[in-house]
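Peer 1:
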Amino acid sequence: GAVVSQHPSRVICKSGTSVKIECRSLDFQATTMFWYRQFPKQSLMLMATSNEGSKATYEQGVEKDKFLINHASLTLSTLTVTSAHPEDSSFYICSAPPGGRSTDTQYFGPGTRLTVL
Amino acid sequence: QQQVKQSPQSLIVQKGGISIINCAYENTAFDYFPWYQQFPGKGPALLIAIRPDVSEKKEGRFTISFNKSAKQFSLHIMDSQPGDSATYFCAGSIRGGFKTIFGAGTRLFVKA
């Protein structure tokens, strides 16, 4: 099956700093990628849709200035958590549908555990 | 409108037993219903999925039953094994739209 990677797998940072998380599709091109946040023992909440070559689409309640998304190429999307605070500590997961919007299956990355001290 | 309700929140099953997880949806525009399996500290992995024009789909020990009129669907895990212990999420999405709405999740524990 298609492979999606994330880097780093874990990151610990101080409050007020910015953290960048990368999401890569390793064996397919992805014009669209999705970013989710998952708090402990909770479900996945869609944060934003990352579109190659255009601006990301954010879900209601997600601060676009705080969670910067850049879809630099057909295989890479990045999520930057700016001025991170302890409440941003969470498990961030990206996903991508191989082949573009015409398919249904999404492949998820392994996730990035962010801890803000 | 877009919510997917999932139950139970947690489930304990004896090895060899049947695990049953239920979901109900509200958005009749959903036309794709995947189930994902997630192990601690890992991303979700697609387990099995169904479209609403089919009432049942079976893959190995995993079966989805779908009731379109009731807007309900369920996952049955036959011959449950300790290795099946994980969190299971049902979801609904709209083909081409890609917004996948997840249920709250069910933490399954299979006792050896």
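Residue numbers (the working numbering), protein chains in the order written: chain C, 714 to 830; chain Y, -4 to 107.
Virtual Cβ for every residue (Gly too), placed ideally from N, Cα, C.
Owing to the predicted nature of the structure, the values given are computational and were not obtained by experimental measurement.
Quick one: list the residues of chain C neighbouring Y:L41, beta-carbon separation under 7 angstroms, in chain order.
Peer 2: By Cβ distance, chain C contributes T818.
Peer 1: When you compare the segment 18 to 29 of chain Y with the segment 87 to 102 of chain Y, are there three or more beta-carbon pairs, one atom per stretch, that lie closer than 8 angstroms?
Peer 2: Short answer: they touch.
Peer 1: Per DSSP, which residues does Y:I7 bridge with? Please list them.
Peer 2: Y:F104
Peer 1: Taking only the alpha-carbon atoms, compute the straight-line gap between Y:I45 and Y:F68 and give it to the nearest angstrom.
Peer 2: 9 angstroms
Peer 1: Can you give me the start and stop residues for the beta strand (DSSP E) that Y:Q32 sits inside?
Peer 2: Note, Y:Q32: beta strand (DSSP E), F28 to Q33.
Peer 1: At a CB-CB cut-off below 8 angstroms, which residues of chain Y make contact with C:G824?
Peer 2: G36, K37 and G38
Peer 1: To the nearest angstrom, how far is the alpha carbon of C:S815 from that of C:G766?
Peer 2: With a pLDDT of 45 at C:S815, under the threshold of 50, the modelled position of this residue cannot be trusted, and the question is left open.
Peer 1: What does Y:K94 touch in chain C if you count any residue whose Cβ is under 7 angstroms from its own?
Peer 2: L759
Peer 1: Are the C-beta of Y:A19 and some C-beta of chain C separated by less than 8 angstroms?
Peer 2: Output row for Y:A19: interface = no.
Peer 1: Is Y:E21 helix, strand or coil by DSSP?
Peer 2: coil
Peer 1: What are the residues in the segment 752 to 776 of chain C lying within 7 angstroms of chain Y by C-beta distance?
Peer 2: S756, L757 and L759
Peer 1: Note down the Cα distance separating Y:W30 from C:D778, rounded to an integer number of angstroms.
Peer 2: 33 angstroms
Peer 1: Can you check the segment 49 to 93 of chain Y for any alpha helix (DSSP H) of at least 4 residues that lies completely inside it and give the ranges in chain order?
Peer 2: none
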